[in-house]
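As numbered in this note's numbering, residues 82 to 291 make up the sequence shown, in order. We put the beta carbon where it would ideally sit given N, CA and C, even for glycine. Keep in mind the model is a prediction, meaning the values are calculated, not measured. In what follows, a structure is listed as structure tokens, so that the remarks can point back to it.
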Amino acid sequence: MIPVLKTPAIFGNKPLVIASHNQGKVKEIGEMIAPLGIRALSAAETNTPEPEETGATFAENAVLKAEHAASATGLPALADDSGLVVPAIGGAPGIYSARWAGPDKNFARAFEQIEAALADNAPDMRKMDAHFTCVLALSIPGDKTQLFEGRVDGRITFPPRGNQGFGYDPIFIPKGYDITFGEFNPAEKNRISHRRRAFTKFLSFLKDAA
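Structure (structure tokens):
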């Protein structure tokens, strides 16, 4: 169980901006920081638009988003950049995970693209090794941006299963399980996810900075 902490002094008693307009991510991160005594605001609540993600890595994009939100609001900001990596198709969708779903966030379309790409590259294999990666970036105005990375290995499966979670969850089975993240109870998913693993490192940083 995560201990309840006072709002970290490094935040100067200011709220933390979750630098995302993805409501699934905002909700998931919000649930993780709720026991920490941190007051959180979403980027939408601060009227902060998302910057163009021009980085070549998850880390670069996370930093870009966190620093943009911190600069725009003058508040500490936490950004997440994460995605599904499938080595058999060159690491795609990777940092382009959200873009594969298009502006309307149609992940069913993204699933079809992955399945088609696998059929082209490995027609006899329907279940492929994959992993989710998450990088959290914490930007506090005037301080160095901090990075925290988490990863969970597993495999993808078709057809999609489950309506819990969001994004690529319905096609990802974490190692050691036989159900997709889309079939997980949200609390159980949060306990083992890539975002949780990155968040655990973030929590350790806050404890050390207290």
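Straight through space, the alpha carbons of Gly248 and Glu193 are spaced by roughly 13 Å. It is roughly 7 Å from the alpha-carbon of Pro255 to the alpha-carbon of Thr261.
Taking 3 residues as the shortest admissible run, the region 135–180 contains the following complete beta strand (DSSP E) segments, listed from N- to C-terminal end: 158–166. Ranked by Cα distance from Leu156, the first of Val167, Gly171, Thr129, Ile176 is Thr129.
The C-beta of Asn187 has fewer than 16 other C-beta atoms within 10 Å across all chains shown, which makes the residue exposed. Distance from the Cα of Asn103 is smallest, within the candidate group Ile119, Arg242, Glu126, for Glu126. In the three-state reduction of the DSSP assignment, Ala125 falls in the coil class. Collapsing the DSSP output to three states places Thr226 in coil.
The alpha-carbon of Lys282 is positioned some 14 Å away from that of Ala160. Judged by pairs of C-beta atoms under 8 Å, the region 91–107 touches the region 139–154, as three or more such pairs exist.
CA-to-CA, the gap between Ala211 and Gly231 works out to about 14 Å. Counting C-beta atoms within 10 angstroms of its own C-beta, Pro240 has fewer than 16 neighbours from the protein chains shown and is therefore classed as exposed. Leaving aside the five residues that flank Asp162 on each side, the residues in its chain whose CB is nearer than 6 Å to its CB run, in chain order, Phe139, Asn142, Ala143, Val216. Between the region 167–181 and the region 111–125 there are fewer than three inter-stretch CB-CB distances shorter than 8 Å, so the stretches are not counted as touching. Apart from the 5 residues on each side of it in sequence, Phe92 sits with its Cβ closer than 6 Å to the Cβ of Pro157 in its chain, given in chain order. Sequence-distant partners of Leu284 (beyond 5 residues in either direction) whose C-beta falls short of 6 Å from its own C-beta are missing from its chain. When secondary structure is reduced to three states using DSSP, Pro255 falls in the strand class.
Taking each of Ala279, Asn271, Thr154 in turn and checking the Cα distance to Gly223, the smallest one comes out for Thr154.
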